[in-house]
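Student: Using the numbering used here, the letters of the sequence shown map in sequence onto residues 12 to 259.
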Amino acid sequence: MENNWSQRVAIITGGAAGLGLATAQRLATAGVKVALFDARSEALDKAKPQLPGEVSTHEVDVTDAASVGAAVAAVVQAWGHVDILINSAGITGQTNIKTHEIPMDDFSRVMAVNVHGLVHTFQAVAPAMLERGYGRVLNVASIAGKDGNAGMASYSASKAAVIGLTKSQGKEYAQSGLTINAIAPAVVRTEIVAAMPPEQVKYMTTKIPMGRCGTVEEFATLAMFIVSAENSFTTGFCYDLTGGRSVY
Ligand SMILES: NC(=O)c1ccc[n+]([C@@H]2O[C@H](COP(=O)([O-])OP(=O)(O)OC[C@H]3O[C@@H](n4cnc5c(N)ncnc54)[C@H](O)[C@@H]3O)[C@@H](O)[C@H]2O)c1
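1. Given a cut-off of 9 Å, decide if Gly25 and Asn98 are closer than it, judged by their beta-carbon atoms.
2. Quick check: the Cα distance between Ala195 and Trp90, rounded to an integer number of angstroms?
3. When DSSP builds the beta bridges, which residues end up paired with Arg147?
4. I'd like the ranges of any beta strand (DSSP E) spanning at least 3 consecutive residues and lying wholly in the segment 95 to 145.
5. Roughly how many angstroms separate the alpha carbons of Pro191 and Ser243, rounded to a whole number?
6. In chain order, what residues of the same chain lie with their CB nearer than 6 Å to the CB of Gly188, ignoring the 5 residues before and after it?
7. Bridge partners for Asp49 per DSSP, in chain order?
8. If contacts are defined as beta-carbon pairs under 8 Å, then Val124 and Ala100 qualify, I think. What distance do you get, rounded to the angstrom?
9. State the beta-bridge partners of Thr24 as determined by DSSP.
10. Quick check: does the Cβ of Lys170 come within less than 8 Å of any heavy atom belonging to ligand 1?
11. Does the structure place the segment 23 to 37 close enough to the segment 59 to 71 that three or more beta carbon pairs sit under 8 Å?
12. So, with DSSP's three-state summary, where would you put Tyr259?
13. Is the Cβ of Ala206 closer than 9 Å to any Cβ of chain D?
14. Following the continuous beta strand (DSSP E) through Leu252, name the residue where it begins and the one where it ends.
15. Would you call Gln180 buried or exposed, if buried means 16 or more other Cβ atoms sit within 10 Å of its Cβ?
16. From the DSSP output, in three-state form, read off Pro63 for me.
17. May I have the straight-line CA-CA distance separating Val20 from Val151, to the nearest angstrom?
18. Which of the three DSSP states, helix, strand or coil, is assigned to Gly159?
19. For Val240, name the three-state secondary structure that DSSP assigns.
20. Does the segment 169 to 183 come within contact of the segment 206 to 217, defined as at least 3 CB pairs closer than 8 Å?
21. What is the rounded straight-line gap between the Cα of Ala172 and the Cα of Pro114?
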């Protein structure tokens with residue numbers, strides 16, 4: 012199947028910064044109409060002029076199903092359909108902390124953003140994708156969800172849930188024209204990493220066999236392939252982006 016980028020519409024959550032924004036830039040440059048969903052309106056305002064072509068921004072908290080539903084409806088009304096959903100919104104919660112010390116409200120917030128958020132966005136876009144028999148969904152997981160990072164139990168549990176969700180969805184929609192895949196990155200120096208304690212970042216980076224962090228460009232390159240129409244026989248899979256840390 013041809014990629015036909017100029018006829019595609021993409022929604023990217025967490026699209027105002029980091030991995031989501033880098034992927035938005037790549038897609039927009041290829042001619043995709045891009046809708047950025049993010050909780051931070053100022054970051055959205057800064058991101059928009061960085062993208063060429065047709066771009067819309069939507070202040071959305073992915074934990075709020077009504078807010079997600081309204082924004083998806085606005086995209087469908089403006090552009091007619093949604094081909095691509097990239098779930099990049101995510102938080103770490105408190106890190107460098109042991110499980111018995113985790114405040115439960117922090118644990119719940121991590122789950123709400125990193126897991127419930129993905130279900131909210133998928134439930135909002137799925138009917139339109141299923142009706143057209145086409146869709147590419149990419150859930151951003153983490154190496155933490157495969158390996159379990161000490162000091163990051165809530166985050167690791169949430170990203171393991173993302174991988175499990177993706178595997179189930181891949182099978183559920185395998186005959187519908189939709190593919191649902193995930194990426195598990197190791198460390199890429201974005202704002203989410205800058206906000207973490209240096210000891211925690213050191214713990215994660217020293218585990219990377221290539222001896223360096225990944226880049227947003229490397230993430231965007233893989234993401235672009237995963238959501239391409241040509242990538243049509245892989246679903247429910249978690250792609251690796253860890254400089255050799257994860258080989259399974
Ligand atoms: N950078 C890394 O090293 C790394 C590694 C593995 C996985 N990840 C995952 O990649 C994804 C993107 O991270 P990033 O590095 O670009 O971080 P980032 O902090 O630069 O970007 C995340 C974006 O998500 C938005 N966001 C947070 N909560 C939200 C909510 N409730 N509703 C809507 N938007 C919300 C933020 O405002 C921010 O713009 C996250 O899911 C993260 O867990 C990142």
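A virtual CB, placed ideally from N, CA and C, is assigned to each residue, including glycine. Only a predicted model underlies this, so the values are computations on that prediction, with no experimental measurement involved.
Tutor: On the basis of the data shown:
1. In the sequence shown, residue 98 corresponds to position 87, counting from 1. In the sequence shown, residue 25 corresponds to position 14, counting from 1. For Asn98 and Gly25, yes; Cβs fall inside 9 Å.
2. Working through the sequence shown from its first residue, we reach residue 195 at position 184. Working through the sequence shown from its first residue, we reach residue 90 at position 79. Between the C-alpha atoms of Ala195 and Trp90 there is a straight-line separation of about 30 Å.
3. For the purposes of this step, residue 147 is identified with residue 136 of the sequence shown, where counting begins at 1. DSSP output for Arg147 lists Ile95, Thr190 as bridge partner(s).
4. 95 to 98
5. The residue labelled residue 191 in the question sits at position 180 within the sequence shown. The residue labelled residue 243 in the question sits at position 232 within the sequence shown. Sequence inspection shows Ile at residue 191; the Pro mentioned does not correspond to that position. Rounded to the nearest angstrom, the two C-alpha atoms are 10 Å apart.
6. In the sequence shown, residue 188 corresponds to position 177, counting from 1. Contacts found: Gly144, Tyr145.
7. Locating residue 49 in the sequence shown gives position 38, where the first residue counts as 1. Paired residues: Glu70.
8. One-based indexing of the sequence shown puts residue 124 at position 113. One-based indexing of the sequence shown puts residue 100 at position 89. Yes, Val124 and Ala100 are in contact; Cβ-Cβ is about 6 Å, under 8 Å.
9. Against the sequence shown, residue 24 aligns to sequence position 13. Looking at the DSSP assignment, Thr24 forms a beta bridge with Phe48, Asn98.
10. Here residue 170 refers to the residue found at position 159 when the sequence shown is read from its first residue. Flag set: Cβ of Lys170 near ligand 1.
11. yes
12. Indexing the sequence shown from 1 puts residue 259 at position 248. In the structure shown, Tyr259 sits in coil (DSSP, three-state: anything other than H, G, I, E or B).
13. The chain labelled as chain D is not found in the depicted structure, where only one protein chain is given.
14. Taking the sequence shown and counting its residues from 1, the one referred to as residue 252 is at position 241. Its beta strand (DSSP E) spans residues 249 to 252.
15. In the sequence shown, counting from the first residue as 1, residue 180 sits at position 169. Looking at its Cβ environment, which holds 16 or more other Cβ atoms inside 10 Å, Gln180 is buried.
16. Translated into the one-based positions of the sequence shown, residue 63 becomes position 52. Coil, per DSSP.
17. Reading the sequence shown from its first residue, position 9 is the one you call residue 20. Reading the sequence shown from its first residue, position 140 is the one you call residue 151. Using only the alpha carbons, I get a separation of about 19 Å.
18. The count along the sequence shown starts at 1 and reaches residue 159 at position 148. Looking at Gly159 - three-state DSSP - the assignment turns out to be coil, as it is neither helix nor strand.
19. Residue 240 sits at position 229 when you count from the first residue of the sequence shown. Going by the sequence as given, residue 240 is Ala instead of Val. Ala240 falls in the coil class under three-state DSSP.
20. no
21. Here residue 172 is taken as the residue at index 161 of the sequence shown, counted from 1. Here residue 114 is taken as the residue at index 103 of the sequence shown, counted from 1. For Ala172 and Pro114, the gap between their C-alpha atoms comes out near 20 Å.
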